[in-house]
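Here the protein sequences line up with chains B and L, keeping their order. Position 140 (the first sequence) corresponds to 140 in this note's numbering; numbering is contiguous. Convert by adding 1000 to the 1-based position in the second sequence; the result is the number in this note's numbering. Glycine included, each C-beta is placed from N, C-alpha and C at the ideal position. Note that the structure is a prediction, hence the values are computed from the model and not measured. Working notes, beginning with the structure itself.
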Amino acid sequence: MSVMTIVQAINNALDIKLDEDKSVVMYGEDSGREGGVFRVTEGLQKKYGVERVFDSPLAESAIVGTGLGMALSGLRPVVELQFDGFTYPAFNQIISNVSRMHNRSRGMYKVPLVIRFPYGGGINALEHHSESPEALYAHIPGLKVVIPSSPHDAKGLLIAAIECDDPVIFMEPKRIYRAIKQEVEDGKFSIPLGKAKVLTEGTDITVVAFGAMIRECQKAIVMAKEAGISVELIDLRTIYPIDKETIAESIKKTGRIVIVAEAPESFSVGAELMAIANEEAFLYLEAPPKRVMGFDTIVPLAKGEPMYMITPEKIFYEIERTIKF
Amino acid sequence: MLNNVKTIEKTTYKKPTMIFDDFDPREDKILRIIDNEGEVLNKELMPDLDDETIIKAYKSMLFARVADQMAVSFQRQGRMYTYPPILGQEAIQIAGGIIIRENDWLVPAFREMAIMLAKGVTLKEIFLYYLGNEQGSNFSKANHVLPICVPIASQLIHATGIGYSIKYQKKDEVVFPFVGDGGTSEGDFSEALNFAEVWKVPVIFTIQNNQYAISFPVQSQTKSVNLAVKSLAFGLPGIKVDGNDFFAMYVAYKESSDYARAGKGPVLIEALTYRKGAHTTSDDPSKYRSKEEEFEWAKTDPLIRLKKFMDKKGIWKEDEEKLIDGYKLEVDKQFTEAENFTPYPLEDVFQYMYTDMPDILKKQKSEYEQFQSWKEKRK
Chain B
1 MSVMTIVQAI NNALDIKLDE DKSVVMYGED SGREGGVFRV TEGLQKKYGV
51 ERVFDSPLAE SAIVGTGLGM ALSGLRPVVE LQFDGFTYPA FNQIISNVSR
101 MHNRSRGMYK VPLVIRFPYG GGINALEHHS ESPEALYAHI PGLKVVIPSS
151 PHDAKGLLIA AIECDDPVIF MEPKRIYRAI KQEVEDGKFS IPLGKAKVLT
201 EGTDITVVAF GAMIRECQKA IVMAKEAGIS VELIDLRTIY PIDKETIAES
251 IKKTGRIVIV AEAPESFSVG AELMAIANEE AFLYLEAPPK RVMGFDTIVP
301 LAKGEPMYMI TPEKIFYEIE RTIKF
Chain L
1001 MLNNVKTIEK TTYKKPTMIF DDFDPREDKI LRIIDNEGEV LNKELMPDLD
1051 DETIIKAYKS MLFARVADQM AVSFQRQGRM YTYPPILGQE AIQIAGGIII
1101 RENDWLVPAF REMAIMLAKG VTLKEIFLYY LGNEQGSNFS KANHVLPICV
1151 PIASQLIHAT GIGYSIKYQK KDEVVFPFVG DGGTSEGDFS EALNFAEVWK
1201 VPVIFTIQNN QYAISFPVQS QTKSVNLAVK SLAFGLPGIK VDGNDFFAMY
1251 VAYKESSDYA RAGKGPVLIE ALTYRKGAHT TSDDPSKYRS KEEEFEWAKT
1301 DPLIRLKKFM DKKGIWKEDE EKLIDGYKLE VDKQFTEAEN FTPYPLEDVF
1351 QYMYTDMPDI LKKQKSEYEQ FQSWKEKRK
């Protein structure tokens, strides 16, 4: 066991896979020599050489598209896009090619490609550096979308993503990149994709969240506990394929659900979770499902951002309202 | 820093081999070996091909043309869906087909039927695709061929990525991606060329400049003097070639392939040609181009030119009508096989989205099966 941040856990996962599998290569803007703008890949180029860990020219479409080409011809590339809001130039490659090549070729070609990028707000950043586009990617058939919330999960999920023969969008909660330290198992382990995790068992209400919002939910749970409310907290971990079963089972137990995410609310992962609550657990619901999510607005710059961001108070406020419905 | 300008010029424009040197795209030079009458214009560059190879190449071009024209008529008969004809572009692809090796990679756009055949894709598979079945892109015999890629120019980037794999794995392979003239305006075109040269990977980019992006003429697509010149901005050699001249295309591919295989990096070939047919079977070229223009370009037809060359040399002794009849039978046979291919099972809609079908898809499939059985009972 070693105490690690999410940044260190991701670096450790990449290190393990680069070490054991020569077909793994890793590149992106500033990812090589500098180790990325968040230093996630720090030291890896020195250890594995410029052929395997390198800086690419500045073009997201080409970073992802060449990754697809490599994945079709025997490599297992892990590409890094610098920020959530800079992934869109690669959108055509992702939606039109990466997600489809296995289906298009009827299984002749597999696409073992991981596309990593930091996402989410709360870091007082410039425009395009605070976005949560998980729903955009989860809506594309053929992709898997993964978001860890802790160092342990970041390591295990990334190893699973690199070993997966399907393309994986791996979104990293930049706000808690270094905010959480946790004991993480040494050596190689993986966490299966597609499985949510019940982080806290409870009986009165289900809260579903992922990524950086887990920490906020955990703070809200403390407040709820003081108010005598028992919360069951579920960490989605994989956005797609979404683990309907774990969510439905929990709602059947508690009868209530609050969904927490920082992306704009309309047509979001939150909307999908509302659908799951209705389709899978309709007769068990004792209150309308509720979303605590971002506004349908652009994430404001630093001065306005606190009003946009989901706080533990806001989550607790909606938990209490749902309980009192 | 200003006195560095000269150095920059030197490093960005290099003169790698004789043909790229002699046909500088900045001067809008074009590599051409035979003229429209089949006369050899450039004896020095005439490749040393034996008669048998030339005859075989002509036959391959002829077979592709017969198959292409029959594909259009199958579509007209309502037996096949939208199809993009290659009519007039056969020389480029058959010349490339001679140079491309078993283990080289073909990265097509969607108007590369002839070189796909040359690479071992079966006509039945090509028909199967245009009959609306993705199984046509699961090539049973062809090695290292990517499926048809419709989003314009996006495939060029895959080719660059494959080039990286080849270099990384130290393999003796070359990648042959294709794009049209319109595709050169896409960002992905520039990104693919840039990454390829930065990484120095073995990729031969071919632009089939057939003069039109659907209805939009190449003269309006760009104000560059030609398309080959675009390579120079990224530091790789480019050459404009008469794409309807089989020998010129052969030489361009031969030189490019030697260059790429020697580890010198990527090359851009602009193959000047004319799309004699429509963009696809849904298109009507009479809306945007004149009969006069079509007539002028018809004089450059690659099959007629090669035939004239062979006649002059006295090496063509086949009965062409008889040959065509045989080809028609073969095309018909393969089309019938494609038409009689197993019906599209529901399973196929779902099972290739992921390597293992997620529960969500299993449920969507089983719900549809329930609907189907309800429908059956209702009859």
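With a floor of 3 residues, list each beta strand (DSSP E) that falls wholly inside the region 214 to 269 of chain B, ordered by position along the chain.
231 to 235, 238 to 240, 257 to 264
Ends of the alpha helix (DSSP H) at E1052 of chain L?
1051 to 1076
For L273 of chain B and V208 of chain B, which I take to be in contact (beta-carbon distance under 8 Å), what is that distance rounded to the nearest angstrom?
6 Å
For a contact defined as C-beta to C-beta under 9 Å, what are the partners of T1160 of chain L on chain B?
Per Cβ cutoff of 9 Å: A62, G65, T66, G69.
Is there a Cβ of chain L sitting closer than 8 Å to that of N278 of chain B, yes or no?
Cβ-Cβ to chain L under 8 Å: no for N278 of chain B.
Just to confirm my understanding: we take V24 of chain B, look at its own chain, exclude 5 residues before and 5 after, and list those with CB closer than 6 Å. What are they?
The answer, listed in chain order, is K17, L18, R76.
How many Å lie between A160 of chain B and P192 of chain B at the Cα?
6 Å
Within 8 Å of any Cβ in chain B, is that where the Cβ of G1120 of chain L sits?
no
I'd like the list of long-range same chain contacts for D166 of chain B, defined as Cβ closer than 8 Å, with 5 residues on each side in sequence excluded.
H102, K110, V111, P112, G142, L143, K144
So if I threshold CB-CB distances at 8 Å, which residues from the region 92 to 115 of chain B count as touching chain L?
N92, Q93, S96, N97, M101, H102, N103, R104, S105, R106, G107, M108, Y109, K110
Tell me which same chain residues have a C-beta within less than 7 Å of the C-beta of S946 of chain L, skipping the five on either side of it?
For residue 946 of chain L there is no data in the structure shown, the boundaries of chain L being 1001 and 1379.
Starting from L1361 of chain L, follow the beta strand (DSSP E) in both directions and report where the run begins and ends.
That residue, L1361 of chain L, is in no beta strand (DSSP E); its alpha helix (DSSP H) goes 1359 to 1378.
If you follow the beta strand (DSSP E) that T1222 of chain L is in, where does it begin and where does it stop?
From DSSP, T1222 of chain L is part of no beta strand (DSSP E); its letter is neither H nor E.
Of all the options L:K1276, L:L1303, L:D1301, which has the alpha carbon lying nearest to the alpha carbon of S1290 of chain L?
L:K1276
Give the C-beta separation of Y308 of chain B and G120 of chain B to the nearest angstrom, bearing in mind that I take them to be a contact with Cβ-Cβ under 8 Å.
Wrong, their Cβ atoms sit about 11 Å apart, outside the cutoff.
Determine, using beta carbons only, whether P118 of chain B and F38 of chain B come nearer to each other than 8 Å.
In terms of Cβ geometry, P118 of chain B and F38 of chain B form a close pair [threshold 8 Å].
Following the continuous alpha helix (DSSP H) through Y317 of chain B, name the residue where it begins and the one where it ends.
312 to 324 is the span of the alpha helix (DSSP H), which, as asked, contains Y317 of chain B.
Taking only three categories from DSSP, how would you classify W1105 of chain L?
In the three-state reduction of the DSSP assignment, W1105 of chain L falls in the strand class, which pools E and B.
Excluding the 5 residues flanking G1034 of chain L on each side, which residues of the same chain have their C-beta closer than 7 Å to its C-beta?
The question names Gly, but residue 1034 of chain L is Ile in the sequence shown. Once the five neighbours on either side are set aside, the close Cβ partners of I1034 of chain L are V1040, L1041, D1245, F1247, R1305, F1309.
Looking at the structure shown, is K1240 of chain L part of a helix, part of a strand, or coil, going by DSSP?
strand
Can you pull the DSSP bridge partners for S2 of chain B?
B:V184
Within the chosen definition, does the region 271 to 286 of chain B reach the region 212 to 226 of chain B through at least 3 CB pairs nearer than 8 Å?
no
What are the start and end residues of each continuous alpha helix (DSSP H) run of 4 or more residues lying completely inside the region 53 to 121 of chain B, in chain order?
60 to 72, 101 to 104
Please check if any C-beta of chain L sits within less than 8 Å of the C-beta of E20 of chain B.
no
Given a threshold of 16 other Cβ atoms within 10 Å of its Cβ, counted over all protein chains shown, does S1282 of chain L qualify as buried or as exposed?
exposed
With distances taken Cα to Cα, identify the nearest neighbour of E1270 of chain L among L:P1177, L:K1200, L:I1148.
L:P1177
With the cut-off set at 8 Å, would you say I246 of chain B and A196 of chain B are in Cβ contact?
Inspection of the sequence shows that residue 246 of chain B is occupied by Thr rather than by Ile. Yes, these two residues count as a Cβ contact at 8 Å.
According to DSSP, what are the bridge partners of Y1164 of chain L?
Under the DSSP definition of a beta bridge, Y1164 of chain L lacks any partner.
Less than 8 Å separating the beta-carbons of H139 of chain B and G85 of chain B?
no
When you compare only the Cα positions, how much space is there between I974 of chain L and F267 of chain B?
Because chain L in this structure spans residues 1001 to 1379, residue 974 of chain L falls outside the shown range and cannot be described.
Can you tell me the Cα-Cα spacing of E1296 of chain L and S1073 of chain L, whole angstroms?
Straight-line measurement puts the Cα of S1073 of chain L at about 25 Å from the Cα of E1296 of chain L.
Give a yes or no on contact between the region 1126 to 1134 of chain L and the region 1150 to 1162 of chain L, applying the rule of three or more CB pairs nearer than 8 Å.
no
Within its chain, find whatever has a CB closer than 8 Å to the CB of G1180 of chain L; leave out the 5 residues flanking it on each side and keep chain order.
In chain order, A1109, R1111, I1152, I1207, Q1208, N1209, N1210, A1213 place their CB closer than 8 Å to the CB of G1180 of chain L, counting only its own chain and leaving out the 5 sequence neighbours on each side.
Name the residues in the region 141 to 158 of chain B whose C-beta lies less than 8 Å from a C-beta of chain L; which are they?
For the region 141 to 158 of chain B, which is checked against every Cβ of chain L, the residues closer than 8 Å are P141, G142, K144.
Pair every Cβ in the region 200 to 216 of chain B with every Cβ in the region 27 to 47 of chain B, then say whether three or more of these pairs are closer than 8 Å.
no
Quick one: does V269 of chain B have its CB under 8 Å from some CB of chain L?
It does not: the Cβ of V269 of chain B has no partner Cβ on chain L nearer than 8 Å.
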